[in-house]
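Counting the sequence shown from 1 gives a position; this note's numbering is that position plus 17.
C-beta atoms are modelled at their ideal positions from N, C-alpha and C, and glycine is treated no differently.
What you are looking at is a predicted structure, and each value in this text was computed from that prediction instead of being measured.
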Amino acid sequence: KVGKPCEPVHAEFAAWQDWEKPDCSGSGLCERRRVVAKLNNECGEPPAGPLQQTKRCDLLCHPQEACRLSPWAEWTPCPSPSAQRFRARSVERPPANGGRAGQGALN
18 KVGKPCEPVH AEFAAWQDWE KPDCSGSGLC ERRRVVAKLN NECGEPPAGP LQQTKRCDLL
78 CHPQEACRLS PWAEWTPCPS PSAQRFRARS VERPPANGGR AGQGALN
């Protein structure tokens with residue numbers, strides 16, 4: 018007696034879970050996972066692909082810091098009525114961890 022041919026049932030993954038918070042005391046890596054939602058039968062395709070993914074997310078461990086500029090210095094003295102005066106400021110803290118760059122002129 019000959020049996021029926023196998024009708025394939027292919028494996029399927031569930032959706033990825035959300036990314037976990039990073040390990041800020043160590044690697045700075047985030048992970049997410051998924052599970053096999055449906056198993057294959059003897060003639061179906063098994064699951065293909067990872068059950069876990071890892072990515073760098075150490076920027077989440079260290080907050081972004083925008084560039085901070087100093088206040089403007091006083092104007093230089095004017096030695097003559099036709100001379101030009103100047104004033105300047107400096108970068109007190111450069112941007113860090115992807116923070117916003119400084120805005121405006123330094124002099």
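P63 and K55 have their C-alpha atoms spaced approximately 10 Å apart. Of R102, S99, L86 and P94, the smallest CA-CA separation from P111 is found for L86. DSSP places E24 in the coil class of the three-state scheme, outside both helix and strand. Cβ neighbours of E91 within its own chain (closer than 7 Å, five residues either side excluded): R104. Residues of the same chain with a CB within less than 7 Å of the CB of A83, apart from the 5 flanking positions on each side, are P112, G116 and R117 in chain order.
Taking 8 Å as the cut-off, the beta carbon of C47 is found closer than this to the beta carbon of E37.
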